[in-house]
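Mapping to numbering that gives the first Met the number 0: the sequence shown position 189 is 188, numbers consecutive.
What follows is a single structure, written as structure tokens, with notes after it.
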Amino acid sequence: MVREIFDPKSIAIIGASNDITKPGGRILKNIIEGNFQGSLYAVNPKEDQVQNLKCYKSVDELPNVELAVLAIAAKFCPDSVRILAKNKGTKGFIILSAGFSEVGDEGKKIEQEIVEIINEHKGTLIGPNCIGVLTPTYQGVFAGPLPKLEPKGVDFVSGSGATACFILELAIPRGLSFASVYSVGNSAQTGVEDVLRHWDETFDQATSSRVKIMYLEKINNPELFLKHSRSLIEKGCRIAAIKAGTTEAGSRAVSSHTGALAGSDLPVDALFRKAGIIRCFSRSELVNVAIALQQKPLLGNRIAVITHAGGPGVMLTDTLDKNNMQVPHLTGEKVNELLSNLFPGSSVANPIDFLATGTAQQLGIILDYCDNYFDNIDASVVIFGTTGMFDSYPVYEVLHEKIRSCRKPIFPVLPSVVLAKEAAEKFIENGNCIFVDEVSAGNALAKIFYTSKPVSANDLPGIDKDTIRNIIDNAQNGYLEPEKLTKILDATGIAHPIEFSSDKLSDIIESADQIGYPLVAKVVGPVHKSDVGGVIVGIQNENELSAAFEKLMKIQDAKAVLIQQMASGTEIFIGAKKEEKFGHLVLCGIGGIFIEVLKDFSYALSPISEEEALSMIRSLRSYKLIQGVRGKEGVNEQIFANYIQRVSALLQVAPEISEMDINPLLGSQKGLIAVDARIKIEK
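What follows is the structure in structure tokens.
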């Protein structure tokens with residue numbers, strides 16, 4: 000992103016207007032009232048003066064200008080952009096107008112023409128179809144309320160201008176300040192990923208905001224998105240985001256069990272988890288998370304619930320408990336000492352209820368005890384409202400002081416937005432953020448605490464890359480034949496039973512004597528063998544094998560019969576599906592016929608670290624079965640995780656794999672055996 004977008008020295012509004020109900024009028028008014036310190040120009044062929052500025056009739060008449068904001072019809076934009084880029088040295092462009100790719104092919108052609116012009120002159124385009132950009136240099140937006148700008152406020156980027164406005168509407172009354180706002184609209188050239196890159200590449204430990212929030216409708220470059228999200232978080236930032244809509248890959252027809260499980264939203268969810276992004280699902284949730292992130296960091300999950308109203312304290316405690324946060328019981332000498340400082344009838348067991356008659360001084364004492372004496376408390380949530388019978392100012396003043404002086408974070412829930420309106424406004428003016436609902440606050444804290452840090456996969460196990468590439472290079476599109484599949488498993492280091500396949504009964508019987516009974520026989524050809532009765536187990540002798548062969552070869556599309564050693568253990572699975580733009584999604588869970596019935600699986604984007612693989616296993620609802628229950632032997636977690644990593648390593652070597660199932664894997668404490676597998680190639 001060029002400097003001219005976020006720190007221009009001169010701005011021209013193309014389509015400037017005296018009518019502030021029009022985008023060209025409103026944005027000019029906002030820039031003027033925002034005390035832009037550079038040169039400001041207006042262009043409108045019908046005006047001589049616009050909002051007390053000299054008005055130019057056309058862009059040809061302009062002097063050189065760094066940033067151009069276009070609020071004119073789409074069809075007139077290419078010519079203006081061309082003149083500005085070629086003759087006026089303009090590098091930054093913001094196009095507010097609609098009528099481009101969002102309306103059809105004709106608009107898309109105009110949009111692409113503009114992008115080509117700007118790319119040719121090494122410029123940056125924001126939009127089209129956006130509300131603009133808001134930075135400390137200029138208030139370049141035409142819609143929505145204008146938030147308070149502070150260097151340590153929230154950086155915000157949105158793929159939807161209207162949604163950006165609605166998020167600001169929620170955030171501003173809660174005291175949330177902003178460092179910058181970017182509305183990228185159609186993202187014709189510059190998308191959310193590019194704004195992330197800008198934040199990352201310009202990040203300053205001393206001055207930059209450490210909280211970023213995003214609303215996305217598409218991710219054009221997941222790799223770039225992951226790189227810069229991870230980098231920012233590793234620098235000490237926290238990122239929260241909403242992703243609306245679904246990926247195009249989700250509508251593709253799939254033929255594997257894994258493909259059927261891998262819904263369109265899973266790649267986005269996996270990307271967010273790999274990046275360490277806090278995923279939100281509503282505007283309200285996003286704002287609440289941002290408010291929580293503006294406080295001191297939450298370093299533990301043990302919360303003191305402090306209130307003068309029993310009901311909200313109970314609701315918050317329930318919410319924290321449901322989200323695996325802790326509200327520790329408080330006991331001991333210091334607890335009794337604290338109780339002696341409160342009115343009779345107060346409770347300090349946690350929740351700490353200091354009654355409707357509690358004072359600001361008592362609240363200060365409670366917060367000091369939580370900060371200095373209660374080692375089993377990591378943070379406090381204070382719920383304080385009013386019935387209108389007393390003045391809330393003293394309480395809010397104590398909160399203001401303690402939020403700054405206490406070592407542990409304090410999260411204020413101030414629900415009296417009507418009766419204590421003036422006190423709350425003063426509290427916000429002093430630089431504080433507030434929650435208005437205790438349940439929303441509790442959910443936000445849990446979401447923040449349980450979002451993992453970014454992970455990198457630098458520990459993939461070694462596999463036989465040359466053998467794998469030789470097989471893939473010589474394979475046709477479609478499912479690999481059993482012989483090639485077996486070689487792939489061997490090269491990847493995944494154990495499997497001894498097996499043999501043929502369409503001749505004599506060969507099958509001869510091989511069975513070498514493998515040894517009991518055996519499993521499977522049809523070769525149909526993708527879902529179990530669905531067509533294509534698996535026969537427990538074959539004990541030649542007669543049973545002959546009968547099984549005859550039965551399996553009569554199944555429609557049968558090409559051969561595969562026999563293999565019988566194995567035992569807990570049925571699990573590992574699968575993968577290639578997602579357009581995202582790479583490969585790897586899944587694991589309970590296997591056999593229960594994959595799609597139980598739908599108990601976890602997932603991550605490849606490449607996968609050992610930490611991620613173990614987390615995938617331990618997050619399964621059926622994890623108890625992996626551990627072993629009621630005397631039944633469990634599955635070796637380390638080997639399971641290693642196999643997940645080996646599949647990930649295979650996918651890195653062979654990106655042509657579009658779908659893959661190893662199902663079932665039979666697992667025990669001794670090891671895992673791939674009883675059945677299939678790999679589909681799409682070149």
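Every residue, glycine too, gets a C-beta built ideally from N, C-alpha and C.
Keep in mind it's a predicted model, so treat the numbers as computed, not measured.
Counted within 10 angstroms of its Cβ, other Cβ atoms place residue i as buried (16 or more) or exposed
{"i": "R708", "result": "No answer is possible for residue 708: it lies beyond the span of the chain, which begins at 0 and ends at 682."}
{"i": "D47", "result": "exposed"}
{"i": "K693", "result": "In the structure displayed, the chain extends from 0 to 682; residue 693 sits before or after that span and is not available."}
{"i": "H495", "result": "buried"}
{"i": "Y395", "result": "buried"}
{"i": "A673", "result": "buried"}
{"i": "Y368", "result": "buried"}
{"i": "S684", "result": "Residue 684 falls outside the range modelled here, since the chain spans only 0 to 682, and no answer is possible."}
{"i": "M324", "result": "buried"}
{"i": "T136", "result": "buried"}
{"i": "R272", "result": "buried"}
{"i": "K211", "result": "buried"}
{"i": "A252", "result": "With a pLDDT of 39 at A252, under the threshold of 50, the modelled position of this residue cannot be trusted; read the value that follows with caution. With fewer than 16 other Cβ atoms within 10 Å, it is exposed."}
{"i": "R727", "result": "This structure gives no information on residue 727, because the portion of the chain shown stretches from 0 to 682."}
{"i": "E3", "result": "buried"}
{"i": "T206", "result": "exposed"}
Cβ-Cβ distance between residue i and residue j below 7 angstroms
{"i": "I493", "j": "R645", "result": "yes"}
{"i": "G91", "j": "P221", "result": "no"}
{"i": "M659", "j": "G574", "result": "yes"}
{"i": "S229", "j": "A170", "result": "Per the sequence shown, residue 229 should be read as Arg rather than Ser. Going by C-beta atoms, R229 is not nearer than 7 angstroms to A170."}
{"i": "V267", "j": "K242", "result": "yes"}
{"i": "Q111", "j": "I30", "result": "no"}
{"i": "V194", "j": "Y181", "result": "yes"}
{"i": "L561", "j": "V536", "result": "no"}
{"i": "S94", "j": "G126", "result": "The residue asked about is misnamed: residue 94 is Ile in this sequence, not Ser. Yes, Cβ-Cβ distance for I94 and G126 is below 7 angstroms."}
{"i": "R173", "j": "I116", "result": "no"}
{"i": "F342", "j": "T134", "result": "no"}
{"i": "L270", "j": "C279", "result": "no"}
{"i": "N635", "j": "A445", "result": "no"}
{"i": "I497", "j": "K486", "result": "no"}
{"i": "V49", "j": "N17", "result": "yes"}
{"i": "L518", "j": "A511", "result": "yes"}
{"i": "L175", "j": "C587", "result": "no"}
{"i": "A187", "j": "I467", "result": "no"}
{"i": "F202", "j": "K151", "result": "no"}
Between the CA atoms of residue j and residue i - distance to the nearest angstrom
{"i": "V637", "j": "M615", "result": "Note that residue 637 is Gln in the sequence shown here, rather than Val. About 12 angstroms."}
{"i": "P350", "j": "G384", "result": "16 angstroms"}
{"i": "F155", "j": "K580", "result": "24 angstroms"}
{"i": "G310", "j": "S346", "result": "14 angstroms"}
{"i": "L66", "j": "K452", "result": "38 angstroms"}
{"i": "I13", "j": "A41", "result": "6 angstroms"}
{"i": "A70", "j": "F224", "result": "29 angstroms"}
{"i": "M565", "j": "V191", "result": "52 angstroms"}
{"i": "T89", "j": "K295", "result": "42 angstroms"}
{"i": "Y478", "j": "V68", "result": "53 angstroms"}
{"i": "G131", "j": "R209", "result": "22 angstroms"}
{"i": "G357", "j": "V380", "result": "16 angstroms"}
{"i": "A161", "j": "P327", "result": "42 angstroms"}
{"i": "F75", "j": "D264", "result": "38 angstroms"}
{"i": "K217", "j": "L650", "result": "25 angstroms"}
{"i": "H608", "j": "N542", "result": "Here the sequence assigns Ser to residue 608, which means His is not the residue at that position. Near 48 angstroms, if we compare the C-alpha coordinates of N542 and S608."}
{"i": "A72", "j": "P22", "result": "12 angstroms"}
{"i": "L329", "j": "Y372", "result": "11 angstroms"}
{"i": "Y622", "j": "K483", "result": "33 angstroms"}
{"i": "Q539", "j": "I276", "result": "54 angstroms"}
{"i": "E610", "j": "N473", "result": "34 angstroms"}
{"i": "P414", "j": "D436", "result": "6 angstroms"}
Presumed contact (8 angstroms Cβ cut-off) between residue i and residue j, rounded CB distance
{"i": "A97", "j": "N128", "result": "5 angstroms"}
{"i": "V412", "j": "I382", "result": "4 angstroms"}
{"i": "E681", "j": "S647", "result": "Wrong, their Cβ atoms sit about 19 angstroms apart, outside the cutoff."}
{"i": "T306", "j": "G441", "result": "At roughly 12 angstroms, the Cβ-Cβ gap does not stay under 8 angstroms, so T306 and G441 are not in contact."}
{"i": "G633", "j": "I625", "result": "6 angstroms"}
Check: residue i C-beta below 6 angstroms from any heavy atom of the ligand FAD
{"i": "N17", "result": "In the structure on display, the ligand FAD does not appear, and there are no ligands present to speak of."}
Threshold first: 4 residues or longer. Then list the alpha helix (DSSP H) segments lying entirely within the segment 128-193, N to C.
160-170
With a floor of 4 residues, list each alpha helix (DSSP H) that falls wholly inside the segment 332-382, ordered by position along the chain.
332-338 and 359-371
Counting only runs of 4+ residues fully inside the segment 567-648, write out the alpha helix (DSSP H) ranges in chain order.
594-597, 609-617 and 622-626
Quick check for students: name the residue ranges of the alpha helix (DSSP H) that lie wholly in the segment 276-314, counting only runs of 4 or more.
Runs of the alpha helix (DSSP H) inside the segment 276-314: 282-292.
Enumerated in chain order, which unbroken segments of the alpha helix (DSSP H) with a length of 4 residues or greater are wholly contained in the segment 417-443?
Look at the segment 417-443 and you find these whole runs of alpha helix (DSSP H), each 4 residues long or longer: 420-428.
Which parts of the segment 512-570 are runs of the alpha helix (DSSP H), unbroken and 4 residues or longer, counting only runs that do not cross its ends?
541-552
Just to confirm the assignment: which complete alpha helix (DSSP H) runs, minimum length 4, are found wholly within the segment 389-420?
List check, alpha helix (DSSP H) in window: 392-404.
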